[in-house]
Structure formats: C-alpha cells, structure tokens
Amino acid sequence: MAKTDSTGSTWRYRWAHRQNVRRVSTYRGAETAWRRRDDELRRLRVLAADFHGSAAAGGGLPLELATDEVVLWALPAVQLVEVRHTTVLPAPDLTVAPPAGPLRPRRPDGVRVTDAGMAVITSRRLVLLGGRGRRDWAYGRMTGLAHDPASPVTLIQVLDRRRTSGLLLPTDAAPDFRFKLTLAFADAIEQRAAVLDQLDELIAEHAQLKPFRPAVNTPGQARLWSFVPGGRRTVAVAAALALLVPAALIESDPSDPTGSPEVAVAATPSASPALIPPAAPVLTRSIPPAKPTKSPRPSPSTTRAPRCGAPENPLGYDFCGGSRIRRPATEVCDWFDCVPQFWSGRGYLVQCRDGSVSLAGGGPKACGEHGGVRQTITK
0 MAKTDSTGST WRYRWAHRQN VRRVSTYRGA ETAWRRRDDE LRRLRVLAAD
50 FHGSAAAGGG LPLELATDEV VLWALPAVQL VEVRHTTVLP APDLTVAPPA
100 GPLRPRRPDG VRVTDAGMAV ITSRRLVLLG GRGRRDWAYG RMTGLAHDPA
150 SPVTLIQVLD RRRTSGLLLP TDAAPDFRFK LTLAFADAIE QRAAVLDQLD
200 ELIAEHAQLK PFRPAVNTPG QARLWSFVPG GRRTVAVAAA LALLVPAALI
250 ESDPSDPTGS PEVAVAATPS ASPALIPPAA PVLTRSIPPA KPTKSPRPSP
300 STTRAPRCGA PENPLGYDFC GGSRIRRPAT EVCDWFDCVP QFWSGRGYLV
350 QCRDGSVSLA GGGPKACGEH GGVRQTITK
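Written out as structure tokens, the structure is:
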C-alpha cells in the first residue's frame, strides 16, 4: 500500500522525502568541509603557541650556532632554486591563513634548481645545508619573501645577494614549513603575539560560517510546478504564451490567408447564350510561381541520454562536454549538492573533488575548501 500524507497525495510525500534527502546530503558535505578547516586553524593556533626550539636540536648538524641561536625545525630533501630573471618580491609579512587549495608538484617558469640538501630553520636565519655548500638567509637582512600559491616554492631576497633564490619543498611539507618560517620571522621581530591574535581572529570568523541544519520539508509544501523543468518560471511563461497566441491568431485573421476581397454575386436569372455579347479580352499579368521554402531543420534535442556520470536531472546538465553554464537554473541545487554560499560565485558551474557543485569555476579559489575542481558541468 502506498504511503500518503494527510491530503492523500502520494506524490507530495515522495517530493518531501526527496527534498529532505538532498538537503541533508548538502548540509553534511558543507559541515565536513567546515570542520576540516576549523581543525586546521586550531592546529596552527596550538603550534604557534608551543613552537620553541633548542640548541640541542642542532647537535648532529654541520652548523655552528650563535650564543643565543636555537634550532626550531629541520626539513630534509629540499632543493635550492634561483630565479633566472630579475624580480622584486613583496616585503615579508605575517600572513598565516592556511592555503585554500592543494599545491601542485611543479617548478614555475624561470626558476632553475642549483643544489639540494637539508633546510634548517633557526631563531635567526634559514639555512640550506647542500651538497655544494651552505646558503644562509638571515631574517634581519630579508627584503622580500614570496610563497607561490600554486607550487611548493618559496623565494627570498636579501640585501647582500643580487640574485633571488629560495627553496623547492616537498608538497606535503610545504604548508608547515611556510608557517614555521613565518613564526621564526615573527620571533625575530618580536611579533609572535600578532600571529596568535591573527589566528584567533580567523577562528572566530570561521565559527560564524558554520552551516546550519536545514529545515525539514513537509508534504504540504509541495507544488505542482515542482515537477516541471524550470519550476514556477516555466509555468508562468507557458501561461503567458497561452494568452498571447490566440490573440495573435485572431489579429492575423487566419480564415483568409490570401487577403483578397470578397466579391458579391447577384442572384439573377441566367441570360440566353445568344443574347450574351462576346466578352472583351482581359489583359492579365503573369505571376511567377513562388519559390518553395525550405522546411526548417529540426533542432537537436537539448537532453543527452548519457550524462557521463552526472546526477539525474531534468535540466540537461552533464559532464559530457559542451557549453559552460554561467547562469544555472534556480532549482539547480535541488538536483546537485551545492556548496555553501553557492549563489555568491562569479563564474561557471564546476564539480569539486568531494562531489559538491560550485558556481566559481574559472576563478583562482574555485572549490578551494572542497579539494579543488574535478570537472566542468556543461549543457
């Protein structure tokens, strides 16, 4: 026996159940992404408070430390890189926000590898113990510092060196290395408290972005236009066409497509053939036959049978490749798992690696909190 609501409508119950399942799935995906970033921010806050080195940590390293210098962290298997052309880097700052997306293991154009070895972060400097010698970057002489947002490369400029150099790091260790280098630089200029305050502010701002559990849809909220592709807008357009088409047909008078005036013929008895005078010849102008018009070619259907892995939807959206969707239908989130603040995106529809859908395709931060962009949604 089919399950119905209080009105006895089975389709209303199915609509409410389907809407609730989609909303809960979207909420869980957003909550998982939010909790992942919250855990990362709190981990950095604990690390910033407890990050302290010791002179004993550099006991086994071929490195002479100053009297008040301590080793904070050592990272093996890094590469020394140099920039081939002249560049000006921004001044070092204390930005500690975690990266929005994963880094790609590649070397930027114009950067060449010259050595490899171990990177050591101390309270006074960054040191590379390479196979060809040692390279030092003293915090007090740094004039520029830049972290590549797409690759694990950190470039440094100092006063006593003409060419810009830096380190190519392992992809998985690059975020922690950059954060600890920021903490060491903050200690050198006595700004550790500023880093802690910045992390506290980021945690407070992120707490306000926590997604709320969606309200439960009831069968009484179902409307007939929910089953029409395009929803209420499609119904409104169809109603307008239903009113305009009859009016246009009446105005064009389709009962007489030729437009020739009617001729009234008097009902008089026919005259005898002998009394009818011969009719004068009538000059007529020959009219060339009209050229046959080509029948319009039927437009291909907008729906594809194979969706190439896309969820079932009446909108015609798929992963098969086609036109990018920059103005999606208003009910797109009823068929796809949209990311939080979906409508604030300024791009085209893309699917993130965690399965959610974003409208920020083509931007540098598309799917930043959802593992990056997997593929483009087309129509």
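For the sequence shown, numbering that gives the first Met the number 0 gives the first residue as 0, with consecutive numbering after it. From the three backbone atoms N, C-alpha and C, an ideal C-beta is built for every residue, glycine too.
Check                                                                                                                                                                            : Outcome
Does the segment 139-153 come into contact with the segment 83-102, if we say contact requires no fewer than three beta-carbon pairs (one atom in each stretch) closer than 8 Å? : yes
Quick one: residues in its chain with C-beta nearer than 7 Å to the C-beta of Gly370, no 5 flanking neighbours on either side, listed in chain order?                            : Cys351, Arg352, Asp353
Quickly, what does DSSP pair Thr377 with across the bridge? List them, please.                                                                                                   : Asp317, Arg323
Let me confirm a value: Arg41 is counted as buried when at least 16 other C-beta atoms fall within 10 Å, else exposed. Which label applies?                                      : exposed
Under 8 Å: do the segment 53-62 and the segment 146-153 share three or more Cβ pairs, one atom per stretch?                                                                      : no
Are the CB atoms of Gly362 and Arg373 nearer to each other than 8 Å?                                                                                                             : no
Which parts of the segment 64-105 are runs of the beta strand (DSSP E), unbroken and 3 residues or longer, counting only runs that do not cross its ends?                        : 70-82
Tell me where the beta strand (DSSP E) around Thr142 begins and ends.                                                                                                            : 141-146
Could you compute how far the alpha carbon of Ala121 sits from the alpha carbon of Lys378?                                                                                       : With the sequence shown as reference, residue 121 is identified as Thr, and Ala is not the correct amino acid for it. Rounded to the nearest angstrom, the two C-alpha atoms are 55 Å apart.
Where does Trp334 sit, in a helix, a strand or coil, going by DSSP?                                                                                                              : coil
For Thr181 versus Leu166, is the C-beta distance shorter than 8 Å?                                                                                                               : no
Please look up how many angstroms separate the CB atoms of Pro210 and Trp33, rounded, as I've assumed it's under 8 Å.                                                            : 6 Å
Would you give the residue range spanned by the beta strand (DSSP E) that Asp135 belongs to?                                                                                     : 132-137
Give the secondary structure of Gln220 by DSSP, where H, G and I count as helix, E and B as strand, and everything else as coil.                                                 : helix
Cα separation between Val126 and Ile188?                                                                                                                                         : 18 Å
Can you give, in chain order, each stretch of the beta strand (DSSP E) that sits fully within the segment 12-54 and has at least 3 residues?                                     : none
Give the secondary structure of Leu242 by DSSP, where H, G and I count as helix, E and B as strand, and everything else as coil.                                                 : helix
Compute the beta-carbon to beta-carbon distance between Asp114 and Gly100, rounded to the nearest angstrom, for a pair I have assumed lies under 8 Å.                            : Actually they are not in contact, since the Cβ atoms of Asp114 and Gly100 sit about 29 Å apart, beyond 8 Å.
Tell me whether Gly360 is buried or exposed, calling it buried when 16 or more other Cβ atoms sit within 10 Å of its Cβ.                                                         : buried
Counting pairs of beta carbons, one from the segment 190-202 and one from the segment 16-31, are three or more of them closer than 8 Å?                                          : no
Answer yes if the segment 102-109 comes into contact with the segment 167-180, meaning at least three C-beta pairs across the two stretches below 8 Å, and no otherwise.         : yes
What whole-angstrom Cβ distance do Ala328 and Leu314 have, given they're in contact under 8 Å?                                                                                   : 5 Å
State the Cα-Cα distance for the pair Glu330 and Leu240, rounded to the nearest angstrom.                                                                                        : 22 Å
Let me know the secondary structure DSSP gives Gln207 once reduced to three states.                                                                                              : coil
Could you give the DSSP three-state label for Ser5: helix, strand or coil?                                                                                                       : Any reading at Ser5 must be qualified, since the residue scores a pLDDT of 48, below 50, and its modelled position is unreliable; the value itself is stated next. Of the three classes helix, strand and coil, the one that applies to Ser5 here is coil, per DSSP.
If you compare alpha carbons, which of Gly321, Ala47, Arg161, Ala137 is closest to Phe178?                                                                                       : Ala47
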